[in-house]
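Chains as they are written, first to last, in our numbering: chain U, 10 to 242; chain P, 10 to 242.
One structure below.
This is the structure:
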């Protein structure tokens, strides 16, 4: 018998590539500011600006764009030109319009799992961006519910699971962020599969909770049906 | 007998003041650009930029900030300084942090209506901003559900009402935007009360559907209980 009723998937860097788009934009910023500073310093200061702005702006590409602009002003001591600023805004627009690159094994894994489980998406970030990405990914039809949350704290998961009538013990969350996808769900008595992604934003890092009940780790999403078969044993 | 089960409220400029914050920021932009152009021209070009960016950026303060920055670059032909750009970002941050000013008559009206109706909020815009405003308004407890949507098209309302198990005929939407709150709900066979606000974004304007079944207009939200009594009568 399956051990879970519902499987929740993170979206960015779990179902489709995301961080690579941010890194490309960040590299563009380093080029623009290359006559002012070293790339490592730019990266460090951008991260600091992002962290400072998180409470005001939240997650997503528009917040990132505002932080890039602010970093450019700061690191150039106000000397950044209007045209350079425009280049940054254009990079943000390109990020929002960029193709959604579905991760290897995702479609066949979802097809397989949809036969035995109710599938949902729980993704953090900007409502507008995330809806657009679900639509462009072509994956929308696999999911009975798509929830876009402003934060992935335990209380956000608790509220959602309650609203959808899902017992945490019968829920499995799948994602690439220990901090956002794994730890909060385990803290509610739920289950979680960590699938590391080679690019993960520093802000999402945490220690893997090895040995904790309900915690699993696999190398790629194609191994998920196998893990579930073993657990159903 | 009440004619409706559920009353949906728009939030910005229906429950609390919103447009005035955008206008204040826009005035700040006009000051910054005053040595380049006339205020009317700046306003016109900002609106054009906003409309062009809507499909990429969606609604909300961060989108507005990016459009202000882009307008500043464009209208100054790239000569806008880094410090001026920083001033625009600071204005956006101030917008996000600004106090939520609840509109007159709102708390007592909600207290009254909550005795006979299920109340929900349906608001458009940025998930992060809107959640923060609900929290800061102190009005959250009146509502059994708060839905933040990326768009207020008929299909967004239809999906939401279906999900919440509400028949459009038993639903009344209350808001200050004919385009977003009134017309789409009427098109589904629902009911809607238009409460004009003296500041309404040009993008939200439409012709009032005088005489259409299910359409009502009142001067301020304090008159809503009276209207509902008459309709129930």
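Note that the Cβ used here is the ideal one computed from N, Cα and C, for glycine as well.
If residue i and residue j are in contact, beta carbons under 8 Å, what's the gap, nearest whole angstrom?
i, j, result
"residue 193 (chain U)", "residue 161 (chain U)", "6 Å"
"residue 54 (chain P)", "residue 240 (chain P)", "No, residue 54 (chain P) and residue 240 (chain P) are not in contact; Cβ-Cβ is about 45 Å, not under 8 Å."
"residue 208 (chain U)", "residue 32 (chain U)", "6 Å"
"residue 170 (chain P)", "residue 177 (chain P)", "6 Å"
"residue 202 (chain P)", "residue 173 (chain P)", "Incorrect: roughly 19 Å between the Cβ atoms, too far for contact."
"residue 81 (chain P)", "residue 89 (chain P)", "5 Å"
"residue 148 (chain U)", "residue 24 (chain U)", "6 Å"
"residue 74 (chain U)", "residue 97 (chain U)", "7 Å"
"residue 91 (chain U)", "residue 220 (chain P)", "Wrong, their Cβ atoms sit about 51 Å apart, outside the cutoff."
"residue 114 (chain P)", "residue 242 (chain P)", "Contact doesn't hold; Cβ gap of about 22 Å is too wide."
"residue 71 (chain U)", "residue 22 (chain U)", "That belief does not hold up - the Cβ atoms of residue 71 (chain U) and residue 22 (chain U) are roughly 19 Å apart, past 8 Å."
"residue 158 (chain P)", "residue 133 (chain P)", "6 Å"
"residue 153 (chain U)", "residue 179 (chain U)", "Wrong, their Cβ atoms sit about 15 Å apart, outside the cutoff."
"residue 104 (chain U)", "residue 30 (chain U)", "5 Å"
"residue 20 (chain U)", "residue 142 (chain U)", "7 Å"
"residue 45 (chain U)", "residue 107 (chain U)", "In fact, because the Cβ distance is near 27 Å, the residues do not count as touching under 8 Å."
"residue 225 (chain U)", "residue 218 (chain U)", "The Cβ separation is near 11 Å, so there is no contact."
"residue 138 (chain P)", "residue 69 (chain P)", "5 Å"
"residue 191 (chain P)", "residue 184 (chain P)", "7 Å"
"residue 243 (chain P)", "residue 63 (chain P)", "The shown model of chain P, from 10 to 242, leaves out residue 243 (chain P), and the question about it has no answer."
"residue 213 (chain P)", "residue 188 (chain P)", "5 Å"
Helix or strand or just coil, what does DSSP make of residue i?
i, result
"residue 200 (chain P)", "strand"
"residue 138 (chain U)", "helix"
"residue 226 (chain U)", "strand"
"residue 214 (chain U)", "coil"
"residue 12 (chain U)", "coil"
"residue 33 (chain U)", "helix"
"residue 41 (chain P)", "helix"
"residue 176 (chain U)", "coil"
"residue 220 (chain U)", "coil"
"residue 205 (chain U)", "coil"
"residue 85 (chain U)", "coil"
"residue 90 (chain U)", "coil"
"residue 242 (chain P)", "coil"
"residue 61 (chain U)", "helix"
"residue 68 (chain U)", "coil"
"residue 54 (chain P)", "helix"
"residue 47 (chain P)", "coil"
Identify every residue that forms a DSSP beta bridge with residue i.
i, result
"residue 18 (chain P)", "P:130 and P:183"
"residue 25 (chain U)", "U:21 and U:111"
Taking CB distances under 8 Å as the criterion, tell me whether residue i reaches chain B.
i, result
"residue 136 (chain P)", "Any reference to chain B falls outside this structure, whose protein chains are U and P."
Relative to chain U, which residues along the stretch 84-99 of chain P have a C-beta separation below 7 Å, given in chain order? 85, 87, 88, 89, 90, 91, 92, 94, 95 and 98: these are the residues of the stretch 84-99 of chain P whose beta carbon lies less than 7 Å from some beta carbon of chain U, given in chain order.
Hey, which unbroken runs of the beta strand (DSSP E) at 3 residues or more fall wholly within the stretch 99-169 of chain U? Runs found: 127-133 and 154-158.
Anything in the stretch 53-66 of chain U with a Cβ closer than 7 Å to a Cβ of chain P? List those residues in chain order, please. Those residues of the stretch 53-66 of chain U that come within reach of chain P (Cβ to Cβ, closer than 7 Å) are 65 and 66.
Interfacial residues, the stretch 149-169 of chain P to chain U, with Cβ spacing under 7 Å: Listed in chain order, the positions of the stretch 149-169 of chain P with a beta carbon within less than 7 Å of a beta carbon of chain U are 157 and 159.
The stretch 66-77 of chain P: which residues have C-beta closer than 7 Å to a C-beta of chain U, in chain order? Against chain U - using a Cβ distance shorter than 7 Å - the residues of the stretch 66-77 of chain P are 66, 67, 71, 72, 74 and 75.
Determine which residues of the stretch 96-127 of chain P have a Cβ less than 8 Å from any Cβ of chain U, and write them out in chain order. From the stretch 96-127 of chain P, only 98, 101, 102, 105 and 106 have a Cβ closer than 8 Å to chain U.
Using a Cβ-Cβ cutoff of 7 Å, what residues of the stretch 11-28 of chain U are near chain P? List them in chain order. Listed by position, the residues of the stretch 11-28 of chain U near chain P (Cβ gap below 7 Å) amount to none.
For the stretch 210-240 of chain U, list every residue whose C-beta sits within 9 Å of some C-beta in chain P, in sequence order. Correct list: empty, as no residue qualifies.
Which residues of the stretch 177-195 of chain P have a Cβ closer than 9 Å to any Cβ of chain U? Give them in chain order. Correct list: empty, as no residue qualifies.
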